[in-house]
Amino acid sequence: MTQLFKVKDYKSDLKPIWCPGCGDFGVLQALYRALVSIGRQPHEIAFISGIGCSSRIPGYTTAYGFNSLHGRALPIAQGIKVARPELLVLAAGGDGDGFSIGGGHLPHAIRRNPDITYIVMDNQIYGLTKGQLSPTSPRGLQTVTSEYGSLEEAVNPLLYVLAYGCNFVAQGTPADMPGLVSMIEEAIRYPGFSFVNVQSPCVTYGEDDQQVKAQKETMKSLQSLGHDPSDRMGAMDLAQHYGRELHTGVFYRNPAPPKTFEALVRERQQELAVKAAALPRERILDLFLQR
Ligand SMILES: Cc1ncc(C[n+]2csc(CCOP(=O)(O)OP(=O)(O)O)c2C)c(N)n1
Ligand code: SF4
Numbered sequence: 026m027t028q029l030f031k032v033k034d035y036k037s038d039l040k041p042i043w044c045p046g047c048g049d050f051g052v053l054q055a056l057y058r059a060l061v062s063i064g065r066q067p068h069e070i071a072f073i074s075g076i077g078c079s080s081r082i083p084g085y086t087t088a089y090g091f092n093s094l095h096g097r098a099l100p101i102a103q104g105i106k107v108a109r110p111e112l113l114v115l116a117a118g119g120d121g122d123g124f125s126i127g128g129g130h131l132p133h134a135i136r137r138n139p140d141i142t143y144i145v146m147d148n149q150i151y152g153l154t155k156g157q158l159s160p161t162s163p164r165g166l167q168t169v170t171s172e173y174g175s176l177e178e179a180v181n182p183l184l185y186v187l188a189y190g191c192n193f194v195a196q197g198t199p200a201d202m203p204g205l206v207s208m209i210e211e212a213i214r215y216p217g218f219s220f221v222n223v224q225s226p227c228v229t230y231g232e233d234d235q236q237v238k239a240q241k242e243t244m245k246s247l248q249s250l251g252h253d254p255s256d257r258m259g260a261m262d263l264a265q266h267y268g269r270e271l272h273t274g275v276f277y278r279n280p281a282p283p284k285t286f287e288a289l290v291r292e293r294q295q296e297l298a299v300k301a302a303a304l305p306r307e308r309i310l311d312l313f314l315q316r
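According to our numbering, the stretch in the sequence shown is residues 26 to 316, in order.
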């Protein structure tokens with residue numbers, strides 16, 4: 026198939042300032058390649074992030090971008106999708122952004138089901154602020170805020186989103202670039218809210234700087250385990266291995282995608298417009314006030 030665009034068309038002229046070896050470089054490369062396959066023009070894409078090292082990502086693309094507030098990528102992305110449903114809307118950030126301060130927004134984005142792809146670069150640490158515990162840090166991790174080791178159980182991002190009814194859930198790693206590219210592409214093509222958790226190592230404040238190498242040796246694709254992505258309970262079983270085993274691929278893809286939030290909003294607007302057209306001018310306000 027002829028591709029209308031090349032990677033260079035999605036690359037901005039900002040040079041990434043991530044530490045050499047940061048996993049986020051791999052996520053950016055995978056995203057460029059997925060966008061090439063999707064073939065939307067850069068000006069038809071809105072890319073929203075929160076705050077963190079990972080949240081710099083929209084700036085490295087030629088899409089319309091907004092490096093917003095810590096934890097607030099999803100509310101902004103949802104507003105954009107409702108106002109401009111024809112845009113391809115992407116949201117991204119770190120595990121701190123998504124599961125600490127932004128953790129309260131995620132269930133609501135999932136239950137509304139806007140057609141947005143949310144990519145979390147899960148490095149199990151606060152990178153930008155120099156290595157504090159994050160919600161996905163493993164129990165026992167020593168950091169500047171847990172000198173004697175973390176006393177907390179980690180949030181499981183996969184179970185979290187599956188439990189709230191997310192219709193598309195995948196996990197990837199830059200250690201498997203072809204797999205990461207295809208799951209980001211699949212997530213973008215999925216007609217509804219899609220979540221991609223990327224095990225994207227922090228080489229500066231993470232457990233060590235050899236995580237990508239270790240991931241290459243230990244990762245197991247869900248396909249090789251014979252997992253059927255339409256099996257939600259099977260996905261939840263496998264998601265429980267988060268933090269112990271690295272499973273890559275699509276955990277869950279609802280084969281019967283429900284209507285998106287923006288489609289329901291449009292339907293409601295059209296119903297009200299029809300009713301309003303049948304009313305005398307002075308009664309139109311009553312319609313909206315339900316009198
Ligand atoms: C309201 C608010 N609280 C706290 C911060 C400080 N802060 C900036 S980034 C960050 C966490 C970064 O970690 P993560 O979201 O995991 O992203 P990473 O840098 O690891 O990619 C925090 C706590 C902030 N910018 N705004
Ligand atoms: S501090 Fe960690 S997450 Fe941030 S750019 Fe460096 S390696 Fe990446």
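Just so you know, even glycine gets a beta-carbon here, dropped at the ideal spot from N, CA and C. Quantities reported herein were computed from a predicted structural model and do not represent experimental measurements.
Start-to-end residues for the beta strand (DSSP E) that takes in residue i
{"i": "alanine 195", "result": "193-197"}
{"i": "leucine 113", "result": "113-119"}
{"i": "glycine 224", "result": "Looking at the sequence shown, residue 224 is not glycine but glutamine. Residues 219-224."}
{"i": "methionine 202", "result": "Segment 202-214 is the alpha helix (DSSP H) holding methionine 202; no beta strand (DSSP E) there."}
{"i": "glycine 90", "result": "89-92"}
{"i": "arginine 278", "result": "272-278"}
{"i": "valine 145", "result": "141-147"}
{"i": "alanine 71", "result": "70-74"}
Minimum C-alpha distance to residue i - residue among the options
{"i": "valine 145", "options": "Val194, Leu250, Gln315", "result": "Val194"}
{"i": "lysine 40", "options": "Arg81, Gly75, Gly64, Leu60", "result": "Arg81"}
{"i": "leucine 158", "options": "Gly128, Gly121, Gly129, Asp262", "result": "Gly121"}
{"i": "glutamate 287", "options": "Ser79, Leu250, Leu113", "result": "Leu113"}
{"i": "methionine 202", "options": "Ser162, Ala108, Lys241", "result": "Lys241"}
{"i": "glycine 128", "options": "Thr161, Asn138, Lys31, Pro110", "result": "Thr161"}
{"i": "alanine 102", "options": "Cys78, His133, Tyr85", "result": "His133"}
{"i": "threonine 243", "options": "Gly190, Glu307, Thr273", "result": "Thr273"}
{"i": "alanine 319", "options": "Ser249, Val228, Asp253", "result": "Summary: the structure shown does not reach residue 319, with the chain confined to residues 26 through 316, and so no result is reported for it."}
Beta-carbon gap between residue i and residue j smaller than 8 Å
{"i": "isoleucine 141", "j": "phenylalanine 72", "result": "no"}
{"i": "leucine 131", "j": "tyrosine 277", "result": "no"}
{"i": "isoleucine 76", "j": "alanine 88", "result": "no"}
{"i": "asparagine 222", "j": "proline 282", "result": "no"}
{"i": "serine 225", "j": "asparagine 138", "result": "no"}
{"i": "alanine 301", "j": "isoleucine 309", "result": "yes"}
{"i": "serine 74", "j": "glycine 104", "result": "no"}
{"i": "leucine 184", "j": "tyrosine 267", "result": "yes"}
{"i": "serine 125", "j": "threonine 86", "result": "no"}
Residue range of the alpha helix (DSSP H) that includes residue i
{"i": "glycine 104", "result": "98-108"}
{"i": "tyrosine 35", "result": "32-35"}
{"i": "methionine 18", "result": "No information on residue 18 is available, as it lies outside the stretch 26 to 316 that the chain covers here."}
{"i": "aspartate 311", "result": "309-314"}
{"i": "threonine 161", "result": "Threonine 161 -> no alpha helix (DSSP H), and no H or E assigned at all."}
{"i": "alanine 59", "result": "49-63"}
{"i": "alanine 239", "result": "236-243"}
Residue i Cβ short of 7 Å to ligand 3 heavy atom set
{"i": "leucine 166", "result": "Only ligand 1 and ligand 2 can be found as ligands here, which leaves ligand 3 out of the picture."}
Cutoff 8 Å: residue i Cβ touching any chain C Cβ
{"i": "proline 305", "result": "Included in the structure is just one protein chain, with no chain C present."}
Buried or exposed (CB count within 10 angstroms, at least 16 for buried), residue i
{"i": "arginine 97", "result": "buried"}
{"i": "methionine 208", "result": "buried"}
{"i": "lysine 106", "result": "buried"}
Shell residues, 5 Å Cβ cut-off relative to heavy atoms of ligand 2: Trp43, Cys44, Cys47, Cys78, Gly152, Cys227, Val228, Thr229
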